[in-house]
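Worksheet: one structure, shown below.
Residue numbers (full-length UniProt numbering): 1 to 765.
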């Protein structure tokens with residue numbers, strides 16, 4: 001009997017040991033599985049953010065082109081891009097508020113219009129009607145849109161730069177981050193948290209528009225509730241409440257499509273409204289809320305006194321004349337000359353065309369009494385603009401390590417560290433340009449002009465402070481430095497946060513501006529909170545949205561959500577696969593758009609013309625050309641194939657992509673340029689298309705493209721542009737269907753085409 005018991009115990013022990021080993025194996029497998037998913041999520045996130053910030057730097061380049069365009073184009077066949085002119089250099093409105101209001105009231109609303117009707121002052125029934133209409137995809141008529149914006153502008157004029165709020169007794173203030181045109185997120189917030197009212201006060205922290213398809217509906221609702229509850233609804237300005245940003249990221253196009261008759265008037269009025277939005281909110285004198293962040297130069301008392309409406313765009317330095325500066329010009333031979341621009345030694349005005357008058361080149365905007373643009377074309381770069389190196393078109397045969405240089409200055413910068421190798425970026429004015437005599441050395445065509453460093457005018461100081469509030473990001477390292485990754489604002493460390501909060505007796509800084517996977521993030525020892533309210537921002541399932549509630553104790557409570565009809569049905573692996581696939585396709589498009597540069601760099605390493613290089617060399621080349629700061633070795637299996645000897649077949653980087661509808665008359669170099677700047681060209685063409693017909697004249701196409709290529713420093717033969725223009729004038733009527741033209745220069749993923757073809761065949765069968 002004893003032996004039987006012993007055998008049973010031994011069997012149980014063996015089974016238990018086997019079960020423990022199996023559990024450990026399963027646990028190890030699961031941990032490895034989750035670690036791989038986490039790794040894929042992280043590099044997917046890095047791809048999305050790097051491409052987003054690269055796009056913001058491209059926007060700075062495009063805004064520089066608009067300034068260049070204004071200085072070089074008077075009229076194109078008597079019908080110039082006047083919308084750009086009005087947006088960038090608006091004239092004083094000749095109409096009074098009363099006259100404007102009367103004009104809007106006289107706009108006829110057709111009887112066929114079935115959307116909401118507004119009368120002012122607004123009531124709760126009006127806001128409820130707007131909510132119901134937008135849920136049913138019904139638009140608001142242009143007359144009511146103009147009246148709503150006009151009333152909002154009148155209200156915002158009466159508001160201070162910094163709004164001070166108090167937490168109501170037994171109630172909480174709700175703080176929301178970026179919405180970016182995602183109406184479903186806003187409606188979900190209202191559903192979960194309640195509609196704005198005296199019992200449910202809200203602070204929306206900027207970036208209401210762009211990227212999403214419902215930006216118009218969002219600002220209508222937010223402005224309507226602001227008019228209805230001005231003491232319980234606060235709207236901070238974000239970096240996308242900016243007409244130049246709107247040109248690239250979709251809001252301008254959305255307005256022009258939804259309001260074909262009154263779109264231009266709406267855009268000009270929206271520009272005024274955006275510039276009047278408050279730039280910060282303070283709760284109980286303890287919590288500071290700004291869209292982007294701060295710098296070591298941020299002064300809330302100074303910000304309270306600025307004229308915020310003058311900063312129409314944070315992307316453009318306020319214009320000011322250089323005449324008040326003592327300009328000393330010294331030639332290359334060291335001889336003192338007149339400070340006036342003159343190629344022949346004759347005295348001329350400082351606003352003369354020193355770069356183009358005697359050389360047949362377009363006039364530079366910098367020689368017209370304006371401060372030098374931070375992206376001055378054709379000049380050596382400041383270290384602040386060259387944080388990752390610019391001369392990547394000629395990579396040496398030996399391995400080259402990328403160097404990142406950064407100025408210690410915390411002043412706002414609007415320069416890009418990642419331009420194309422074909423694009424020589426404009427020079428930034430930075431402390432590194434100071435000469436031993438403490439003079440600012442500004443290069444001209446044939447001499448240097450020394451500008452004694454003086455206190456910048458008040459308009460420039462105001463602009464810098466606003467740029468820091470709208471564009472800055474926190475960093476974990478102490479100190480403050482230019483935000484070269486975005487191209488504007490500052491990076492501020494925990495010490496900068498602590499000093500500002502202590503100086504003003506505050507305890508918490510709440511900001512937005514950055515997408516976070518969980519919808520929010522704490523940093524700087526809990527003194528900085530980032531809140532982001534647009535879920536699925538990069539891709540379906542990529543991130544959650546969130547909002548904060550603050551009560552009397554000022555202890556933040558976080559509420560997360562995710563708007564999706566499909567995400568909940570997907571497993572975690574499926575969600576990661578969807579997001580990762582989208583991110584990889586975006587990188588592949590970047591590779592295709594820079595194919596000639598990459599091939600030239602690959603071939604410099606491939607001395608034997610084998611078509612293969614090492615993984616290290618491949619990663620170095622791709623980073624030096626694209627400058628996206630991504631884990632290229634990890635991404636390699638998704639982007640390139642290995643040869644039998646273990647090296648990379650670099651031509652395989654481009655095998656899965658091809659052009660949309662190639663045009664035979666387009667040379668390869670021109671085609672690649674069009675692929676790369678397709679988005680910018682689409683923006684410009686849409687602006688020039690005043691009647692929204694999708695067509696522009698051949699002469700407009702020629703002149704615009706020539707200016708664009710000249711500004712970028714891209715060498716394109718005029719004959720090639722002329723032949724291209726003629727080839728896409730299909731019916732020979734002198735007009736170009738530019739939507740069809742741009743479709744030909746869209747990168748197509750061949751695998752996607754195969755999948756679509758296979759799906760079509762299955763459907764037919």
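For every residue, glycine included, the Cβ atom is placed at its ideal position computed from N, Cα and C.
(1) To which residues does DSSP link residue 549 through a beta bridge?
(2) Compute the distance between the beta-carbons of residue 470 and residue 239, then report whether it is under 7 Å.
(3) Less than 7 Å between the C-beta atoms of residue 616 and residue 643, yes or no?
(4) Apply the 10 Å Cβ neighbour rule to residue 16 and answer buried if 16 or more other Cβ atoms are within range, or exposed otherwise.
(5) Per DSSP, which residues does residue 737 bridge with? Please list them.
(6) Take the Cβ of residue 207 as the centre, count every other Cβ of all protein chains shown within 10 Å, and call the residue buried at 16 or more, exposed below.
(7) Can you give me the C-alpha to C-alpha distance between residue 371 and residue 299, rounded to a whole angstrom?
(8) DSSP three-state label for residue 139, please.
(9) Can you give me the start and stop residues for the alpha helix (DSSP H) that residue 219 sits inside?
(10) Taking DSSP's pairing of strands, which residues face residue 492 in a bridge?
(11) Determine the closest residue to residue 141 out of 157, 118 and 557, with distance taken between C-alpha atoms.
(12) By how many angstroms is the C-alpha of residue 649 removed from the C-alpha of residue 209?
(13) Within the chosen definition, does the stretch 191-205 reach the stretch 252-270 through at least 3 CB pairs nearer than 8 Å?
(14) Hey, which unbroken runs of the beta strand (DSSP E) at 3 residues or more fall wholly within the stretch 586-638?
(15) With a cut-off of 8 Å on the beta carbons, I'd call residue 291 and residue 513 a contact; round off their distance for me.
(16) Using 8 Å as the cut-off, can you tell me whether the stretch 557-576 makes contact with the stretch 587-600, which would need three or more C-beta pairs spanning the two stretches below that distance?
(17) Can you give me the Cβ contacts of residue 148 inside the same chain, cut-off strictly under 7 Å, excluding the 5 residues immediately before and after it?
(18) If we count the other Cβ atoms within 10 Å of its Cβ and call it buried at 16 or more, is residue 624 buried or exposed?
(19) Would residue 497 and residue 508 qualify as a contact pair, given that the criterion is a beta-carbon distance under 7 Å?
(20) Spell out a yes or no on whether the stretch 265-276 and the stretch 480-492 are touching, meaning 3 or more CB-CB pairs, one atom from each, closer than 8 Å.
(21) Do residue 143 and residue 175 have their CB atoms nearer than 7 Å?
(22) Provide the residue span of the beta strand (DSSP E) that contains residue 783, from first to last.
(23) Excluding sequence positions up to five away, which residues of its chain have a Cβ less than 7 Å from the Cβ of residue 467?
(24) How big is the Cα-Cα spacing for residue 97 and residue 109?
(25) What residue range does the beta strand (DSSP E) around residue 655 cover?
(26) Between residue 572 and the rest of its own chain, which residues show a CB-CB distance below 8 Å, the 5 nearest in sequence each way excluded?
(27) Output the distance between the C-alpha atoms of residue 295 and residue 283, rounded to the nearest integer angstrom.
(28) According to the Cβ coordinates, are residue 178 and residue 532 closer than 7 Å?
(29) Which residues does DSSP list as the beta-bridge partners of residue 648?
(30) Please state whether DSSP places residue 521 in a helix, a strand or coil.
(31) Would you call the stretch 238-253 in contact with the stretch 115-130, where contact means no fewer than 3 C-beta pairs closer than 8 Å?
(32) Taking the beta strand (DSSP E) that residue 538 belongs to, which residues open and close that run?
(33) How would you call residue 74, buried or exposed, if buried means at least 16 neighbouring beta carbons within 10 angstroms?
(34) Applying the criterion that 16 or more other CB atoms from any shown protein chain within 10 Å of the CB defines a buried residue, is residue 275 buried or exposed?
(35) State the DSSP-derived secondary structure class of residue 280, mapped to helix, strand or coil.
(36) Please say whether residue 181 and residue 214 have beta carbons closer to each other than 7 Å?
So, from the listed chains and residues:
(1) Within the chain shown, residue 549 is the residue found at index 549, counting from 1. Bridge partners of residue 549: 174 and 557.
(2) The residue labelled residue 470 in the question sits at position 470 within the chain shown. The residue labelled residue 239 in the question sits at position 239 within the chain shown. Cβ atoms of residue 470 and residue 239: closer than 7 Å.
(3) In the chain shown, the residue the question calls residue 616 occupies position 616. In the chain shown, the residue the question calls residue 643 occupies position 643. No.
(4) On the chain shown, position 16 is the one that residue 16 refers to. Counting Cβ neighbours within 10 Å, residue 16 comes out exposed, since fewer than 16 surround it.
(5) As a position in the chain shown, residue 737 is number 737, starting the count at 1. DSSP output for residue 737 lists 695 as bridge partner(s).
(6) Translated into the one-based positions of the chain shown, residue 207 becomes position 207. Burial call: buried.
(7) Position 371 of the chain shown, counted from the first residue, corresponds to residue 371. Position 299 of the chain shown, counted from the first residue, corresponds to residue 299. The predicted model places residue 371 with a pLDDT of 38, which falls under 50 and marks its position as unreliable; any figure quoted below should be read in that light. In this structure, the CA atom of residue 371 is about 24 Å from the CA atom of residue 299.
(8) On the chain shown, residue 139 is found 139 positions in, with the first residue counted as 1. Residue state, collapsed to three classes: coil.
(9) Position 219 of the chain shown, counted from the first residue, corresponds to residue 219. Segment 215-228, the alpha helix (DSSP H) holding residue 219.
(10) As a first step, residue 492 must be located in the chain shown, where it is residue number 492. Looking at the DSSP output, residue 492 sits in a beta bridge with 474 and 480.
(11) Here residue 141 is taken as the residue at index 141 of the chain shown, counted from 1. Considering only alpha carbons, the answer is 118.
(12) Looking up residue 209 in the chain shown gives position 209. Looking up residue 649 in the chain shown gives position 649. Each residue's alpha carbon lies about 43 Å from the other.
(13) When Cβ pairs closer than 8 Å are counted between the two stretches, the stretch 191-205 is seen not to touch the stretch 252-270, the count staying below three.
(14) You should have found no qualifying run.
(15) Position 291 of the chain shown, counted from the start, is the residue given in the question as residue 291. Position 513 of the chain shown, counted from the start, is the residue given in the question as residue 513. Contact flag correct, Cβ pair sits at about 6 Å.
(16) no
(17) Taking the chain shown and counting its residues from 1, one reaches residue 148 at position 148. These residues qualify, in order along the chain: 118, 220, 223 and 224.
(18) Taking the first residue of the chain shown as 1, we reach residue 624 at position 624. Under this definition residue 624 is a buried residue.
(19) Here residue 497 is taken as the residue at index 497 of the chain shown, counted from 1. Here residue 508 is taken as the residue at index 508 of the chain shown, counted from 1. Not in contact: residue 497 and residue 508 (Cβ atoms no closer than 7 Å).
(20) no
(21) Reading the chain shown from its first residue, position 143 is the one you call residue 143. Reading the chain shown from its first residue, position 175 is the one you call residue 175. No; because the gap between Cβ atoms is not below 7 Å, this pair is not in contact.
(22) A question about residue 783 goes unanswered here, because the residues of the chain that appear run from 1 up to 765.
(23) Within the chain shown, residue 467 is the residue found at index 467, counting from 1. Once the five neighbours on either side are set aside, the close Cβ partners of residue 467 are 314, 412, 488 and 489.
(24) As a first step, residue 97 is located in the chain shown; it is residue number 97 there, counting from the start. As a first step, residue 109 is located in the chain shown; it is residue number 109 there, counting from the start. Distance between the alpha carbons of residue 97 and residue 109 is about 21 Å.
(25) Sequence index remark: in the chain shown, residue 655 carries index 655 (1-based). Here residue 655 belongs to no beta strand (DSSP E), and DSSP marks it neither H nor E.
(26) Sequence index remark: in the chain shown, residue 572 carries index 572 (1-based). Same-chain partners within the cutoff: 37.
(27) Walking along the chain shown from the start, residue 295 turns up at place 295. Walking along the chain shown from the start, residue 283 turns up at place 283. C-alpha separation (whole angstroms): 20 Å.
(28) Sequence index remark: in the chain shown, residue 178 carries index 178 (1-based). Sequence index remark: in the chain shown, residue 532 carries index 532 (1-based). Yes, the Cβ-Cβ distance between residue 178 and residue 532 is below 7 Å.
(29) Your numbering for residue 648 matches position 648 in the chain shown. Bridge partners of residue 648: 613 and 642.
(30) Along the chain shown, one-based indexing puts residue 521 at 521. DSSP places residue 521 in strand when its eight states are reduced to three.
(31) By the Cβ test, the stretch 238-253 is not in contact with the stretch 115-130, since fewer than three Cβ pairs between them sit closer than 8 Å.
(32) Taking the chain shown and counting its residues from 1, the one referred to as residue 538 is at position 538. Where residue 538 is concerned, there is no enclosing beta strand (DSSP E), given that its DSSP letter is neither H nor E.
(33) As a working note, residue 74 is residue 74 in the chain shown. Note that residue 74 scores 41 on pLDDT, short of 50, meaning its location in the model is unreliable; the coordinates nonetheless yield the value given after this. Classification of residue 74: exposed, given that the 10 Å Cβ count is below 16.
(34) Within the chain shown, the letter at position 275 stands for residue 275. Buried.
(35) Here the question's residue 280 lines up with position 280 in the chain shown. Here DSSP, grouped into helix, strand and coil, assigns residue 280 to strand.
(36) Here residue 214 refers to the residue found at position 214 of the chain shown. Here residue 181 refers to the residue found at position 181 of the chain shown. A contact, by the Cβ cut-off of 7 Å.
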